[in-house]
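Asker: Throughout, this note's numbering is defined as the position within the sequence shown, counted from one, plus 204. C-beta atoms are modelled at their ideal positions from N, C-alpha and C, and glycine is treated no differently.
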Amino acid sequence: MNYCSAQRRIYCQPGAQRLFFYYMVFRPDGAIPCQEPLHPEEDPYLAGIGAAHITPPQTVASMIRCIHKKENLEFDPTISGELFQTVSSTSPLERQRSLADLTRSGLGSDPRKPLAFVLVDALDQSIRAMDVGRNEHGYAWLCYANGDVLHTDRVLLNVKYGPHDNRDAYLARDKSGCVGYVSPFHFR
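In C-alpha cells form, the structure reads like this:
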C-alpha cells in the first residue's frame with residue numbers, strides 16, 4: 205500500500221531529504237482515529253506533520269505541542285502526551301532531543317513504522333483534602349470535603365478567585381469527573 209499522496213510524493217522518494225514525520229495517536233486502551241488522517245478511507249489512524257510546521261526550536265517537545273494542536277488537544281489541560289519511537293517502544297523520546305536526530309536516524313519516516321503519540325491523564329497524582337473547599341464566586345473552583353481524594357498534576361497556577369482576586373491553585377478532578385481549581389493549602 206502506498207501511503208504517499210501526490211503532494212507528499214517527494215517525502216517517499218529514495219534519497220529525498222525527509223521533511224515529514226508519520227505518527228499514530230494512542231490512548232491507554234488502543235489507537236484512536238486522527239483528526240486529520242493522511243488517508244481517511246484506508247487508514248484513519250495514520251497522520252503526519254511536515255517539519256516546516258513544527259515551531260523552533262525543533263525538538264521532540266515542539267513536535268508534541270504541534271501534535272496536540274493538530275489533534276485538537278491543546279485546550280484540554282487534563283491530557284498530556286508522550287512521543288515514542290515506535291508502537292513497541294517502552295520508553296518515550298527525550299523531550300529536549302532535536303528533530304535533526306530523528307531525521308538522521310530515520311525515525312518516523314516510514315508510514316509502516318510511525319512514531320507513537322501516547323495520551324496520558326495529566327491529572328495523575330492523588331491528593332487528600334485536609335479542609336473544606338467552597339465555590340463562593342462561581343469561578344470554576346471545585347467544592348470538596350475534608351478527606352476527599354482528588355487528582356491533580358500539582359502544577360501551581362495563579363487563577364481568578366473573585367471579581368478582584370487571584371489565588372494560587374491546582375487544576376484537579378474529583379471522583380465524579382468534574383474538573384476545576386483547588387487550593388494547594390487544603391491538601392497533602
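Between the Cα of VAL324 and those of GLU298, GLU286 and SER293, spot the shortest distance and give me the residue it belongs to.
Answerer: GLU286
Asker: Applying the criterion that 16 or more other CB atoms from any shown protein chain within 10 Å of the CB defines a buried residue, is LYS379 buried or exposed?
Answerer: That one is exposed.
Asker: At 4 residues or longer, what runs of the alpha helix (DSSP H) sit wholly inside the stretch 295-356?
Answerer: Given a length threshold of 4 residues, each whole run of the alpha helix (DSSP H) inside the stretch 295-356 is given here in chain order: 303-309.
Asker: Quick test of your reading: TYR374 and VAL386, contact by CB under 8 Å. State the CB separation rounded to the nearest angstrom.
Answerer: 5 Å
Asker: Going by Cα to Cα distance, which pick from PRO281, ILE331 and HIS368 is closest to PRO388?
Answerer: ILE331
Asker: DSSP puts LEU361 in a beta bridge; with which residues?
Answerer: ALA373
Asker: Could you spell out the range, first to last residue, of the beta strand (DSSP E) harbouring ALA251?
Answerer: 251-254
Asker: Less than 8 Å between the CB atoms is what I'm expecting for PRO318 and LEU250, so what's the real figure, rounded?
Answerer: That belief holds up - the Cβ atoms of PRO318 and LEU250 are roughly 6 Å apart, short of 8 Å.
Asker: Ignore the nearest five residues each way along the sequence and tell me which others in ALA256's own chain have a CB closer than 7 Å to its CB.
Answerer: Same-chain partners within the cutoff: LEU223.
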